[in-house]
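Working notes, beginning with the structure itself.
Chains as they are written, first to last, in this note's numbering: chain A, 81 to 193; chain B, 81 to 193.
Put into structure tokens, the structure is as follows:
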């Protein structure tokens, strides 16, 4: 493989890794919801149109495994669980900002066809 | 709904629109392959590890519908079909660059656990 091909494959791998971690319809939106102050499961569900409990549970687990959120069990009666963003998660803004801008622009582009 | 909630819902919508258009494992990678000079179906397939013909066909159609690539039929014998990026598609670099950087960093973060 040429130097250029190796670089290209590395670029593909890095972008696919990013898509694996934050891709799909819900992950960044869940992060934004927690960033917006929604710490508890039901608050997060209520803040995101059309998300289901099953999907949110699965995505929260995925985000936790990828060190983007942390889950705290508060030993009260009843037990409370709170989700917060990790320090590391704030790096997502490098992506969320451009994505928001691009999405808004794309809708104008497509509707202006 | 408060002003803040409206803004939040708009942000969610814009990011979900972006994910719909360029999300998933293959779309940006296909764009990069065409950007790298692969114009014909078989060249694109060969350049992207593990992609299948069926998936590439579906994703090319999606990218064309979203004005990111154009498809030219060259009336020779046999007929040739070439894919090129639209001018508009270059705006993707606002996303591909940060995604590449974030992905590389994330792999170090996860492996350095």
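The beta-carbon is built from N, C-alpha and C at its ideal position, and this holds for glycine as well. Just so it is clear, the structure is predicted and the values come from calculations on it, not from any experiment.
1) Residue 126 of chain B CB to nearest chain A CB: under 7 Å?
2) Whole angstroms are fine: how far does the CA of residue 149 of chain B sit from the CA of residue 140 of chain B?
3) Which chain B residues are close to residue 99 of chain A, counting only those with a beta carbon under 7 Å from its beta carbon?
4) For the beta strand (DSSP E) holding residue 148 of chain B, just list the boundary residues, first then last.
5) Using a cut-off of 7 Å between C-beta atoms, extract the partners of residue 183 of chain B located in chain A.
6) Do residue 179 of chain A and residue 114 of chain B come within 7 Å of each other at the CB atom, strictly closer than that value?
7) Measuring alpha carbon to alpha carbon, tell me which residue in B:165, B:168, B:171 and B:183 is nearest residue 172 of chain A.
8) Could you check which residue in B:106, B:86 and B:161 has the C-alpha nearest to that of residue 138 of chain B?
9) With distance defined between alpha-carbon atoms, name the residue in B:92, B:127 and B:166 nearest to residue 111 of chain A.
10) Taking all protein chains shown into account, decide if residue 127 of chain B is buried (16 or more other Cβ within 10 angstroms of its Cβ) or exposed.
11) Around the C-beta of residue 81 of chain A, are 16 or more other C-beta atoms found within 10 angstroms, so that it is buried, or is it exposed?
12) Taking residue 170 of chain B as the reference, which of A:90, A:186 and A:177 has the closest Cα?
13) Looking only at DSSP bridge pairs, what is residue 164 of chain B linked to?
14) Hey, could you find the ends of the alpha helix (DSSP H) residue 187 of chain B is sitting in?
15) Just to make sure I have the definition right: I need the residues of chain A whose C-beta is within less than 8 Å of the C-beta of residue 186 of chain B. Which are they?
16) Report the residue from A:103, A:153 and A:89 whose alpha carbon sits nearest the alpha carbon of residue 161 of chain A.
17) How should residue 157 of chain B be labelled, buried or exposed, when 16 other C-beta atoms within 10 angstroms of its C-beta is the threshold for buried?
By the coordinates alone:
1) no
2) 8 Å
3) 103, 104 and 105
4) Careful: residue 148 of chain B lies outside any beta strand (DSSP E) and carries neither H nor E.
5) 94, 95, 97 and 98
6) no
7) B:183
8) B:106
9) B:92
10) buried
11) exposed
12) A:186
13) B:150
14) 173-191
15) 97, 98, 101 and 146
16) A:153
17) exposed
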